[in-house]
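Numbering (my numbering), first residue to last: 51 to 336. Each residue gets a CB set at the ideal place from its N, CA and C atoms; glycine is no exception. Single-structure report; data block below.
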Ligand SMILES: [Zn+2]
């Protein structure tokens with residue numbers, strides 16, 4: 051998955067939003083920014099801002115991203131949020147308290163996907179829940195997606211590709227609320243949101259997210275290698291989902307996930323098969 055954002059208009063727009071840019075360069079970075087390779091990573095508050103904007107954008111497009119209503123689906127939501135809380139409360143998630151960690155279900159049975167924006171806005175498709183066989187498998191995939199946000203992979207990828215323009219995009223959305231300000235920024239956030247769903251991470255980031263998935267699940271009741279179940283299942287047929295990068299290979303990922311669980315001496319075994327089947331049945335009623 052990778053960003054394919056067109057920043058042509060943003061470059062021209064940069065001069066108009068110099069205030070947030072200057073704030074980021076001088077204030078935010080010196081307080082909390084950190085150097086990553088040849089570029090600077092902004093404060094984690096920027097991840098949250100970006101996640102909020104992207105989630106608003108996604109949820110303003112119900113035809114593309116039909117959010118499953120909370121009303122009538124309370125049990126399914128409580129289940130998936132409960133599962134997510136167990137991961138977040140494992141004591142290993144670095145930004146547990148920095149991000150809001152909002153969970154929404156997208157009603158789309160054909161898409162085997164889940165993703166997490168920068169700043170912890172998590173989306174899981176009904177297609178993924180229905181495809182998997184057990185709670186630890188779903189927990190493994192959720193933990194992998196949580197890791198992409200927690201390790202700030204999305205932000206790193208964007209900063210690497212687009213540099214400070216990313217921060218301009220985030221800042222310009224706030225600026226566009228000014229009725230006198232041009233509205234080009236909204237389009238850019240829209241492109242950003244659309245492309246976030248198809249974001250491709252590097253091989254190193256995928257491996258780190260897999261390893262983190264095991265690390266996050268290890269202190270919980272779950273089989274810590276739950277994410278491997280997904281790759282094992284997909285390896286037995288079917289077309290790969292968008293979020294499953296083709297590199298490293300699924301076989302290597304399965305082996306790596308299992309070996310991580312062994313190295314960490316994880317003891318959880320919970321799969322909660324009956325409960326999982328109940329939630330799948332509930333989602334099938336929609
Ligand atoms: Zn990933």
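Item, Value
"Stretch pair the segment 278-285 + the segment 183-199: three plus CB contacts closer than 8 Å", "yes"
"Sufficient close CB pairs (3 or more, under 8 Å) joining the segment 203-211 to the segment 145-163", "no"
"Cβ neighbour criterion (16 or more within 10 Å) applied to residue 313", "exposed"
"Anticipated Cβ contact below 8 Å, residue 311 with residue 259, distance rounded", "About 15 Å; that fails the 8 Å criterion."
"Beta-carbon spacing of residue 329, residue 125 below 9 Å", "yes"
"CA nearest to the CA of residue 244, picked from 185, 98, 110", "110"
"C-alpha distance - residue 102 paired with residue 325, whole-angstrom precision", "32 Å"
"Closer than 8 Å: residue 280 CB and nearest ligand 1 heavy atom", "no"
"Unbroken stretches of the alpha helix (DSSP H), 4 residues or longer, contained in the segment 134-195", "176-181"
"For residue 42, the three-state DSSP class (helix, strand or coil)", "The requested residue 42 is not part of the displayed model; the chain covers only 51 to 336."
"CB-CB length for residue 198 against residue 251, believed under 8 Å", "7 Å"
"Inter-residue Cα distance where the pair is residue 141 and residue 150", "16 Å"
"Residue 236 - DSSP class collapsed to helix/strand/coil", "Annotation note: pLDDT 43 at residue 236 (below 50); position unreliable, no value reported."
"Unbroken alpha helix (DSSP H) run spanning residue 266, endpoints", "253-267"
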